[in-house]
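Undergrad: Have a look at this one.
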Amino acid sequence: MVFNEPSIKSFISFSENIFSEVKNKNYTELYLIDNSLKTHSNLPKEIISIIDSNEFISKYFDIKYLYRRNKAYATIVIYNKCYKHRLIELGSLVASKLDNGNWRLNSSLKSNEEFNFALGWGLNQYKFNLFNNFSHLNIKNKKNKRELVSTLSGVFYGKELINIPSSDMGPESLEKTFIDFAEYYGLISEITKGDNIKNNFPLIYAVGKASTQGPRLLEMNYNVDTNYPLITIVGKGVCFDTGGLNLKPSQYMRNMKKDMGGAASVLSLANIIIRNKLKIKLKVLIPAVDNDIGSKSMRPGDVYNSRAGLKVEIGNTDAEGRLILADTLTYADKFKPALLIDFATLTGAARVALGPDLPAYFTSSDKIANIINNICLKQEDPLWRLPLWNNYNKWLNSDVADTNNISKGSFAGSITAALFLKKFTNTKNWIHIDTYAWSDSSRPGHSIGGDILGVRSIYKFLKEFIKK
């Protein structure tokens, strides 16, 4: 490999180092002050005098330094009430403004507020293929550290998988990464490929058969010997998408290493679940393929059987993600999950509707949607519900098969893609997440490149779901 092989162990260690104790305890105090508070009597006098001097003029937040012997011994961050419920964003912004160093957080934040600020700080530390360029943050509540490490290591790991070029992260490398992840946590992985894919997962085979690295289905299970509810998570693993014979224009093909962003997202989520010992049975499924061009490429107008028994007409070879998900969702149904979630970089239509920052999600359950919606804003990790509008099912009709893989028009592309998937699962509690998995520009907590969106919110949702 040209780049370092991704290892979940490395990202756990990196995340722990962000919040680890510095040996010589040579910290710079970081005072975080809410400007809306009426009193600051618990602070040192020199800091109170700076606050009272009205030197803080920004309507958002300001940073001031206190010096002793020409060296900064304390840093003051005073923020306005607009950040009261955006502490993850604030943590990332503050970290981006300060030089790398060792900082000790001094604040009146509650435990959950400190967690959010520290999470934002941590999210700002990720840099592709680098583990030695970051800032320490010492926090008061050490109980927060475990969930911070599990969350950050999962997010960093997922970002890294997306950012690695497909020359180093094809189906074979993704399989190895998957097996290494499972082995790290003492889990057994199962890989289906070759004739077993051809005979049992015909749509996965149809998409991946043109590649020199054949199609495969990756599977692992956690907490199998428990009575916990089974949660199954599925991630689209198209390691590179040329569009097939319906070839993508060059400007749309450039970043298609990110088309396995769904796979990266479910591994990110699995890491958070396992490290926090969530009381669920977990099944992780990733169909891994390249959508390549060759003599074996599927063609527009071809008709293939599916695992569900439905015949599918290929209206467009660039609508391949839904094909590999279809067979995988049908397979997932076999185990009767209490909840089935899939993550996929599925449609450009979702981005046209909602932009790059806001993944679309689909579910038939208003109860599930209400929980997700209540969680997203608190997590500063948004998801936006779009409808499974059944009247659009007719747009998927085919004259020669049970369904087409695309609609006849250009309207509502993300909805018709979700409706296509719905044909292949009978699981009552199903959530489909149409994510971008990429950041075109940097913003707080999100560096340019591969991105993990909605995973933190879905983890919090799972904690609520299993209580019901």
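Numbering (this note's numbering), first residue to last: 1316 to 1783.
Built from N, CA and C at the ideal position, the CB exists for glycine as well.
Because the structure is a prediction, the values reported are computed rather than measured.
Have a look at the DSSP bridge pairing and note the partners of N1421.
TA: Mapped onto the sequence shown, residue 1421 falls at position 106. N1421 is bridged to Y1346.
Undergrad: Within a Cβ cutoff of 7 Å, which residues of the same chain sit near F1776, ignoring the five residues on either side of it in sequence?
TA: Position 461 of the sequence shown holds residue 1776. Result list for F1776: I1686, I1687, I1690, in chain order.
Undergrad: Which residues in the same chain as S1713 place their Cβ atom closer than 7 Å to its Cβ, once the five residues preceding and following it in sequence are excluded?
TA: On the sequence shown, position 398 is the one that residue 1713 refers to. Correct list, in chain order: E1628, N1719.
Undergrad: What did DSSP end up calling V1409 once you bin it into helix, strand or coil?
TA: Locating residue 1409 in the sequence shown gives position 94, counting from the first residue. Helix.
Undergrad: Quick one: using the 10 Å Cβ neighbour count with 16 as the cut-off for buried, is W1704 buried or exposed?
TA: Indexing the sequence shown from 1 puts residue 1704 at position 389. It is exposed - the Cβ of W1704 has fewer than 16 other Cβ atoms within 10 Å.
Undergrad: Short of 6 Å in beta carbon distance, which residues of its chain neighbour D1717, apart from the five on each side in sequence? Order them along the chain.
TA: Along the sequence shown, read from residue 1 onward, the residue named residue 1717 stands at position 402. Result list for D1717: L1625, K1626, in chain order.
Undergrad: Look up P1602 in the DSSP assignment and say whether it is helix, strand or coil.
TA: The residue you call residue 1602 lines up with position 287 of the sequence shown. Three-state result, P1602: strand.
Undergrad: Helix, strand or coil for I1548, going by three-state DSSP, please let me know.
TA: The sequence position of residue 1548 within the sequence shown is 233, counting from 1. Strand.
Undergrad: Beta-carbon within less than 6 Å of V1409's beta-carbon, same chain only, minus the 5 sequence neighbours each way: which residues are those?
TA: Taking the first residue of the sequence shown as position 1, residue 1409 is located at position 94. V1392, listed in sequence order.
Undergrad: Cβ-heavy atom distance between K1572 and the ligand GTP below 7 Å?
TA: Absent from the structure shown: the ligand GTP. Ligands present: none.
Undergrad: Do the CB positions of L1405 and G1760 come within less than 8 Å of each other?
TA: Taking the first residue of the sequence shown as 1, we reach residue 1405 at position 90. Taking the first residue of the sequence shown as 1, we reach residue 1760 at position 445. Cβ distance not < 8 Å, so L1405 and G1760 don't count as in contact.
Undergrad: What residue from K1709, L1560, I1362, A1389 has the CA that sits closest to L1413's CA?
TA: Position 98 of the sequence shown, counted from the start, is the residue given in the question as residue 1413. Of the candidates K1709, L1560, I1362, A1389, the one whose C-alpha sits nearest the C-alpha of L1413 is A1389.
Undergrad: Closest to L1582 by CA distance: which of R1569, N1570, M1568, K1598 is it?
TA: Position 267 of the sequence shown, counted from the first residue, corresponds to residue 1582. It is K1598.
Undergrad: Go through its chain and collect everything with a Cβ distance to K1611's Cβ below 7 Å, but skip five positions before and after it.
TA: For the purposes of this step, residue 1611 is taken as residue 296 along the sequence shown, with counting starting at 1. Hits under 7 Å: K1524, A1525.
Undergrad: Between which two residues does the alpha helix (DSSP H) harbouring T1731 extend?
TA: Taking the first residue of the sequence shown as 1, we reach residue 1731 at position 416. It spans 1728-1737 - the alpha helix (DSSP H) in which T1731 sits, taken as one unbroken run.
Undergrad: Determine the DSSP secondary structure at F1443, reduced to helix, strand or coil.
TA: What you label residue 1443 is simply residue 128 of the sequence shown in a count that begins at 1. In this structure, F1443 counts as coil in the three-state DSSP scheme.
Undergrad: Can you name the start and end residues of the alpha helix (DSSP H) that V1522 belongs to?
TA: Counting from 1 along the sequence shown, the entry for residue 1522 is found at position 207. Element bounds for V1522: 1517-1523.
Undergrad: Determine the extent of the alpha helix (DSSP H) in which I1763 is found, giving its start and end residues.
TA: If you number the sequence shown from 1, residue 1763 lands on position 448. Here I1763 belongs to no alpha helix (DSSP H), and DSSP marks it neither H nor E.
Undergrad: L1711 and I1730: beta carbons closer than 8 Å?
TA: In the sequence shown, the residue the question calls residue 1711 occupies position 396. In the sequence shown, the residue the question calls residue 1730 occupies position 415. Not closer than 8 Å, so no.
Undergrad: Where DSSP assigns a beta bridge to H1747, which residues make up the other side?
TA: The residue labelled residue 1747 in the question sits at position 432 within the sequence shown. According to DSSP, H1747 bridges with D1657, F1677.
Undergrad: Using three-state DSSP, classify A1585 as helix, strand or coil.
TA: By 1-based counting over the sequence shown, the position of residue 1585 is 270. Three-state DSSP puts A1585 in a helix.
Undergrad: Would you call the segment 1589-1596 and the segment 1529-1540 in contact, with 3 or more CB pairs under 8 Å?
TA: Touching, yes.
Undergrad: Measure from the alpha carbon of N1708 to the alpha carbon of each residue in G1728, E1695, L1698, then state which is nearest.
TA: Your numbering for residue 1708 matches position 393 in the sequence shown. Measuring from the Cα of N1708, the nearest candidate turns out to be G1728.
Undergrad: Taking DSSP's pairing of strands, which residues face E1404 in a bridge?
TA: Taking the sequence shown and counting its residues from 1, one reaches residue 1404 at position 89. Looking at the DSSP assignment, E1404 forms no beta bridge with any residue, so it has no partner.
Undergrad: On a Cα-Cα basis, can you pick out the residue from Q1440, S1621, N1431, K1551 that is closest to L1600?
TA: One-based indexing of the sequence shown puts residue 1600 at position 285. Comparing Cα-Cα distances from L1600 to each of Q1440, S1621, N1431, K1551, the minimum goes to K1551.
Undergrad: Closest by CA to R1401, which one among V1464, L1381, F1432, C1554?
TA: Position 86 of the sequence shown, counted from the first residue, corresponds to residue 1401. Nearest option by C-alpha distance: F1432.
Undergrad: Whole angstroms is fine: what's the gap from T1785's alpha carbon to A1647's?
TA: Any question about residue 1785 goes unanswered here, given that the chain covers just 1316 to 1783.
Undergrad: For a test of the three-state rule: what should DSSP assign to I1479, helix, strand or coil?
TA: To locate residue 1479, count along the sequence shown from 1; it is residue 164. Coil, per DSSP.
Undergrad: Based on Cα-Cα distance, which residue from S1722, L1661, I1683, P1544 lies nearest to F1650?
TA: Residue numbering aside, residue 1650 sits at position 335 when the sequence shown is read from its first letter. The shortest C-alpha separation from F1650 is found at P1544.
Undergrad: Whole-angstrom Cβ separation of G1769 and D1696, contact assumed at under 8 Å?
TA: Taking the sequence shown and counting its residues from 1, the one referred to as residue 1769 is at position 454. Taking the sequence shown and counting its residues from 1, the one referred to as residue 1696 is at position 381. Indeed they touch by this definition, with Cβ atoms about 6 Å apart.
Undergrad: Do P1517 and Y1619 have their beta-carbon atoms positioned less than 8 Å apart in this structure?
TA: Locating residue 1619 in the sequence shown gives position 304, counting from the first residue. Locating residue 1517 in the sequence shown gives position 202, counting from the first residue. The answer is yes: Cβ separation under 8 Å.
Undergrad: May I ask you to report which of helix, strand or coil DSSP gives W1699?
TA: Numbered from 1 along the sequence shown, position 384 holds the residue referred to as residue 1699. Here W1699 sits in strand by DSSP.
Undergrad: In angstroms, rounded to a whole number, what distance separates the CA positions of S1755 and P1671?
TA: Translated into the one-based positions of the sequence shown, residue 1755 becomes position 440. Translated into the one-based positions of the sequence shown, residue 1671 becomes position 356. At residue 1755 the sequence reads Asp, which differs from the Ser that was named. Looking at the two C-alpha atoms, the distance is approximately 8 Å.
Undergrad: For T1390, name the three-state secondary structure that DSSP assigns.
TA: Residue mapping note: residue 1390 aligns to position 75 of the sequence shown, counting from 1. In the structure shown, T1390 sits in a strand (DSSP, three-state: E or B).
Undergrad: Straight-line CA distance for D1556 to T1660?
TA: By one-based count along the sequence shown, residue 1556 stands at place 241. By one-based count along the sequence shown, residue 1660 stands at place 345. Taking the straight line joining both Cα atoms gives about 11 Å.
Undergrad: Just the C-alpha distance for K1682 and F1780, rounded to the nearest angstrom, thanks.
TA: As a working note, residue 1682 is residue 367 in the sequence shown. As a working note, residue 1780 is residue 465 in the sequence shown. So the two alpha carbons sit approximately 10 Å from each other.
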